[in-house]
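First comes the structure, then the notes that go with it.
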Amino acid sequence: MSTQTTPLNATHRESGAKMVDFAGWDMPIHYGSQLKEHETVRADAGMFDVSHMTVIDVAGEDATAYLQKLIANDVARLGFDGKALYSGMLNESGGVIDDLIVYRVDAWGYRLVVNAATRDKDLAWMQQVAGSFKVELQERAELAMIAVQGPNAIAKACKVIHEEWESAVKALKVFQGLALAGGWFIARTGYTGEDGLEIMLPGNEAPLFWKALAHAGIAPIGLAARDTLRLEAGMNLYGHDMDESISPLSAGMGWTIAWEPVERDFIGRKALEAQKAAGVAQVQVGLVFEGKGVLREGMRVVTENGDGVITSGTFAPTLKQSIAIARIPAGSSGQVSVDVRGKLEPARIVKMPFVRNGKTVFA
C-alpha cells in the first residue's frame with residue numbers, strides 16, 4: 003500500500019521537516035530540534051499537523067442509541083451542542099478497539115475523531131454495529147486537522163481565524179467544540195497537557211492557514227515532540243498503552259466508563275463487570291526513574307506483587323528526568339525496579355499526569 007500524505011505534506015517539506023512513515027502516512031517527525039519544539043509548546047505555542055486522524059460524522063434518528071451501544075462512555079452526558087467526551091470503543095471481551103473523542107453537533111448529530119493507525123478496523127467495526135440502527139456514518143476525508151497547543155495558543159490562533167468567530171472561539175470551554183461556516187470546526191481539545199485548539203478545516207484551505215499561523219508566531223511541531231508532550235501529560239497512546247487485548251480498567255481508562263444507567267448495554271459491558279467483580283489483576287501507573295539510563299517501552303518492572311511492563315517511556319524534557327507509563331500488578335506502591343539491559347534500576351510509582359499546563363504535578 004502506498005504511503006498517504008496530508009494536504010500539508012508539501013508545506014512540511016518546504017519548512018525542512020524530517021519526514022517519516024507513521025501508520026502509513028508521510029509525517030514530520032521534527033523540524034530541527036525535538037527538544038526545542040517540546041519546550042516551545044510548554045512555554046508558548048506550537049502547531050501540529052494531525053490531518054492523518056480520521057473524522058467520522060454520525061447522523062440519523064438512532065445516532066444517540068447507536069453511540070450508547072458502541073462506546074463505553076455515555077453520549078447522553080453531552081448536555082449541550084459542542085460538548086465533547088473521551089471514550090474507549092470496546093470489543094465484546096472488553097478490549098480497547100480504539101480510543102476516541104466524540105462531539106455533540108447540532109447540525110447533524112455527532113462527530114467522532116479516531117486514530118490514524120486504526121482507521122480501517124474502526125470503520126469496519128462501526129459499520130458492523132450500525133447494521134442494527136437507523137444511522138448514517140460519513141467519513142470526512144476531505145478535512146485537514148491542525149492542533150495549536152500551548153499557553154499562548156488560543157490568543158495567537160485568534161489573530162488568524164475569521165474575526166467574526168474570535169469571540170466564540172475564546173469563549174469555548176475545555177472539551178467543547180464549535181461547528182462554523184465553510185466546513186470549519188474548532189474545539190478546545192488537545193493531546194499535550196496544555197491549553198489549545200484542534201481545528202478541522204477543508205484540506206485545500208490548510209496550507210494557507212498553516213502559513214498564517216506560522217506568521218502569527220506559532221511554531222511547527224513534529225510527531226516526536228507530540229509524543230514526549232503527551233507522555234508528560236499522562237495520556238495513552240493506542241497500540242502501546244492499550245489495545246484490543248487490554249481492558250480499559252487496566253489502562254487507566256476506568257473513568258471513561260459510564261456504568262449508569264445500568265440498563266445501557268454497551269459493547270464489552272458484561273466482560274468489564276466480570277473483571278470488576280473478580281478484581282482487576284493489573285493497573286496503570288506512572289513511574290519516575292531514579293536510576294541510570296532512560297525508561298523505554300517493553301522494559302520489565304519488578305514489584306513486590308510480581309512483574310509488570312513499561313508501555314510508554316521517555317526522557318521528559320520538562321522534568322529533566324526519565325518517566326514512564328507502566329502496567330503492573332494491582333496493589334503495588336512505592337518503589338519498584340526496572341530491568342535496564344539486565345540491571346535492576348530504581349523507580350518510584352506516582353500518580354499521573356506528570357505535567358499539566360507547564361507545571362510539574364505528579365505526586
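This note's numbering applies: residue 3 is where the sequence shown begins, and numbers increase by one. All residues carry an ideal CB built from backbone N, CA and C; glycine is no exception. Because the structure is a prediction, the values reported are computed rather than measured.
With C-beta atoms as the reference, is residue i less than 9 Å away from residue j?
i    : j    : result
V57  : Y68  : no
G84  : V107 : yes
M255 : G90  : yes
A74  : P263 : no
I220 : M354 : no
E246 : N117 : no
V371 : G295 : As displayed, the chain neither begins before 3 nor continues past 365, which places residue 371 out of reach and without an answer.
Could you tell me the boundaries of the alpha helix (DSSP H) in which residue i lies?
i    : result
T13  : 11-16
K38  : 36-45
Q70  : 65-72
R113 : Where R113 is concerned, there is no enclosing alpha helix (DSSP H), although the beta strand (DSSP E) it sits in stretches over 111-116.
W27  : Element bounds for W27: not the alpha helix (DSSP H) but the beta strand (DSSP E), 27-32.
D124 : 121-132
The beta strand (DSSP E) spanning residue i covers which residue range?
i    : result
D100 : 98-107
K20  : 20-24
L87  : 86-92
Q6   : That residue, Q6, is in no beta strand (DSSP E); it is neither H nor E in DSSP.
D341 : 337-342
K345 : 345-352
F187 : 187-189
L139 : 138-141
V52  : It is not in any beta strand (DSSP E) - V52 carries neither H nor E in the DSSP assignment.
Throw me the rounded Cβ distance for the residue i and residue j pair, which I believe falls under 8 Å.
i    : j    : result
A283 : A332 : 6 Å
T120 : Y240 : 6 Å
T230 : A318 : 7 Å
G310 : P348 : Not really, about 15 Å apart at Cβ, beyond 8 Å.
Counting only the same chain and skipping the five closest in sequence on each side, list residues whose C-beta sits under 8 Å from that of residue i.
i    : result
V77  : T66, L69, Q70, L87, V104, R106, Y112
D395 : Since the first residue of the chain shown is 3 and the last is 365, residue 395 is not available in this structure.
R15  : M21
Residues in the same chain with beta-carbon distance under 6 Å from residue i, minus the five sequence neighbours each way, listed in chain order, please.
i    : result
D51  : T8, L10
G308 : P331
L215 : M49, V162
Report all residues from its chain with a CB closer than 7 Å to the CB of residue i; omit the five preceding and five following residues, and keep chain order.
i    : result
Q323 : V290, F291
V43  : Q151, G152, T194, E196, I223, A227, L231
Sorry if obvious, but does the Cβ on residue i come closer than 8 Å to a heavy atom of the ligand ZN?
i   : result
G34 : This structure simply doesn't include the ligand ZN, nor any ligand for that matter.
Closest Cβ-Cβ distance between residue i and chain B: below 9 Å?
i    : result
T120 : Considering every chain present, this structure includes no chain B. It has just one protein chain.
Give the list of continuous beta strand (DSSP E) stretches no shorter than 3 residues that lie fully inside the region 194-266. 198-204
Write down every uninterrupted run of the alpha helix (DSSP H) in the region 269-324 whose length is 4 residues or greater and which is fully enclosed by it, in chain order. Whole alpha helix (DSSP H) segments, 4+ residues: 271-280.
At what residue ranges does the region 152-178 contain a whole run of the alpha helix (DSSP H), taking only runs of 4 or more? Segments of the alpha helix (DSSP H) lying fully in the region 152-178: 155-159, 168-172.
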